[in-house]
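Trainee:
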Amino acid sequence: MVFKGLKNSVITVLAISTITLSGAFYSVDNIKAAEETKIYICNCPGGCLCEYETKKPGGRCVCGLATIPSDREPSKDLEYECACGGGCDCGSGADEEGYCYCKKPMKEK
């Protein structure tokens with residue numbers, strides 16, 4: 001009888017621990033995914049049409065102003081993109097010609 005009560009207690013503790021740890025691991029994965037998809041966009045006041053965006057923080061827009069973090073999805077139809085080649089992962093793009101995050105001229109898509 002004593003062992004049956006102990007067995008139920010152990011099973012309950014294991015179930016609660018499993019659920020708690022699963023939730024913690026799920027949260028960590030979501031936080032990492034959110035950081036990987038964050039983009040930085042142009043902070044130009046009043047009607048800027050360059051639509052500059054990059055995956056790296058601390059850059060400058062093609063207009064010359066600093067970029068700000070954004071939660072929006074990256075645009076897929078930008079006219080210009082980073083021309084650095086396959087090894088670059090800055091992900092810069094814009095609708096106006098200018099320089100990417102790497103300070104090199106962007107190429108037209």
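Positions 1 to 109 (my numbering) are the ones given, in order, by the sequence shown.
Glycine included, C-beta positions come from ideal geometry on N, C-alpha and C.
Values in this document were obtained by computation on a predicted structure and should not be read as measured data.
Are Leu-78 and Gly-64 close, meaning C-beta to C-beta below 9 Å?
Mentor: Working through the sequence shown from its first residue, we reach residue 78 at position 78. Working through the sequence shown from its first residue, we reach residue 64 at position 64. For Leu-78 and Gly-64, no; Cβs fall outside 9 Å.
Trainee: What residue range is occupied by the uninterrupted beta strand (DSSP E) comprising Ser-70?
Mentor: Here residue 70 refers to the residue found at position 70 when the sequence shown is read from its first residue. Its beta strand (DSSP E) spans residues 67-70.
Trainee: List the endpoints of the continuous beta strand (DSSP E) containing Cys-42.
Mentor: Your numbering for residue 42 matches position 42 in the sequence shown. Element bounds for Cys-42: 39-42.
Trainee: On the criterion of 16 or more Cβ atoms from any shown chain inside 10 Å, does Glu-110 qualify as buried, or is it exposed?
Mentor: Since the first residue shown for the chain is 1 and the last is 109, residue 110 is missing from the structure and cannot be characterised.
Trainee: With distances taken Cα to Cα, identify the nearest neighbour of Glu-97 among Pro-69, Asn-8, Glu-53.
Mentor: What you label residue 97 is simply residue 97 of the sequence shown in a count that begins at 1. For Glu-97, the nearest C-alpha among the options comes from Glu-53.
Trainee: What is the rounded straight-line gap between the Cα of Tyr-80 and the Cα of Ala-66?
Mentor: As a working note, residue 80 is residue 80 in the sequence shown. As a working note, residue 66 is residue 66 in the sequence shown. The straight-line gap from Cα to Cα measures roughly 19 Å.
Trainee: Since Tyr-101 and Lys-56 are thought to touch, with beta carbons under 8 Å apart, how far apart are those beta carbons, to the nearest angstrom?
Mentor: As a position in the sequence shown, residue 101 is number 101, starting the count at 1. As a position in the sequence shown, residue 56 is number 56, starting the count at 1. Yes, they are in contact, since the Cβ atoms of Tyr-101 and Lys-56 sit about 5 Å apart, within 8 Å.
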